[in-house]
Each structure stands twice: as structure tokens, then as C-alpha cells.
Amino acid sequence: TVKCGDYFQDEDGPREFGNISLTTKWIKTTDTSLMLRNLEVNYKETEDQPMSVLHIQYPEWPDHGVPKDTVAVREILKRLYQVPPSLGPIIVHCSAGIGRTGTYCAIHNTIQRILAGDMSALDLAKTVALFRKQRIGMVQTMDQYFFCYNAIVDELEDLTAGTNAGTSS
58 TVKCGDYFQD
68 EDGPREFGNI
78 SLTTKWIKTT
88 DTSLMLRNLE
98 VNYKETEDQP
108 MSVLHIQYPE
118 WPDHGVPKDT
128 VAVREILKRL
138 YQVPPSLGPI
148 IVHCSAGIGR
158 TGTYCAIHNT
168 IQRILAGDMS
178 ALDLAKTVAL
188 FRKQRIGMVQ
198 TMDQYFFCYN
208 AIVDELEDLT
218 AGTNAGTSS
């Protein structure tokens, strides 16, 4: 069941949202079942150049659940390592915006802080508590909480081993 608006589509023309036009330029599926889309966003009343958005969807991640392994989530991390912060913010969402979103954000935030030398990031309980002060319910289930730990450990092991496991096309 789709629980949030379907703002993207197949490569068959633009979708209109008020003064915004959104066009899917291409779609690619990775070996880990991620759906990659290049979206072009145009503001109709301006002469500004269209914005290009990389949209990453993980349809295999069950609502209120966790993926069978951490590979696809770590592929998302690895793809985002290559995106310069100057390109703009990373936006993460799921249907309710707390379970899968909270889980991914906790993983991403923890890894980024560790890479920046902030070892206080190892206190995942504190990170999740801080997130929950901003949005109630972030990381909904105990399985999601354990998944955070597993993904963080797996990613740190990859990084320390110098591997790029999980970056399939």
C-alpha cells in the first residue's frame, strides 16, 4: 500500500504540482534493488535553470521492519559520500517519516560524525533520543534500533578495510 504521495513517475512526461514541474529523466535499478531516478525540477514562473535531483528509493525495506541485510542501506551511504554538501541538503522520507526515516538518519548521522572524528557518535541511544526530541517516534521498533547498530558496524568495517562493497550499478 502506498502511504505517501507518488510525486515521481516513469519516464513519460512531466508532473505538475502548482508552479512546479517534475520530470523523470531516467530510472535505474541497482543490484541491491535500489531504484535510482534522475528528477528534473522546474519552477514555471522563473527563468532559473532546472534543478537535478538524485532520488534513491528502497522499495524492499518493509514498513515497520528492517531489510534482510545492511548492504542496500550502506550502498545509499556510499553513493551519498560522493555528493558535495554544496549541492544542497539530503532529504529522507518514508510514509510516516519516523521508522525507516529515523533508522536511516541515525545510521547516516552516526557514520558522518565518526568520520569527522566525533566519537560521541558511538552513543546511538543519545543520538536517537536527540532525534526524538525533534520528531517523536524516530526509529520505531527494537528491530530498527538493532539494525542501526548492525549497519554502523558493517559500514565501519568496510571503511576500515578500505572496501567499496555495496556500490553496485
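Numbered by my numbering, the letters in the sequence shown go through residues 58 to 226 in order.
Just so it is clear, CB atoms sit at the ideal spot from N, CA and C, and this is done for glycine as well.
Small disclaimer: the values here were computed from a predicted structure and weren't measured.
Original post:
Which residues does DSSP pair with Met108 in a beta bridge?
Top reply: Met108 is bridged by DSSP to Val98.
Original post:
Taking Ala182 as the reference, which of Gln197, Tyr115, Asp126 has the closest Cα?
Top reply: With distances taken between Cα atoms, Ala182 lies closest to Gln197.
Original post:
In the DSSP assignment, what residue or residues form a beta bridge with Thr127?
Top reply: Within the DSSP bridge table, the entry for Thr127 names no partner.
Subject >> Beta-carbon contacts of Lys85 that lie in its chain and below 7 Å, excluding the five residues immediately before and after >> reply: Excluding five sequence positions before and after Lys85, the CB atoms of its chain that fall closer than 7 Å to its own CB belong to Leu93, given in chain order.
Subject >> C-alpha gap between Pro119 and Arg157, whole angstroms >> reply: Each residue's Cα considered, the two are about 8 Å apart.
Original post:
Going by the CB atoms, is the gap between Ile168 and Glu132 shorter than 7 Å?
Top reply: No. Outside cutoff.
Original post:
What residues are listed by DSSP as bridge partners for Trp83?
Top reply: For Trp83, which the question treats as bridged, DSSP gives the partners Asn95.
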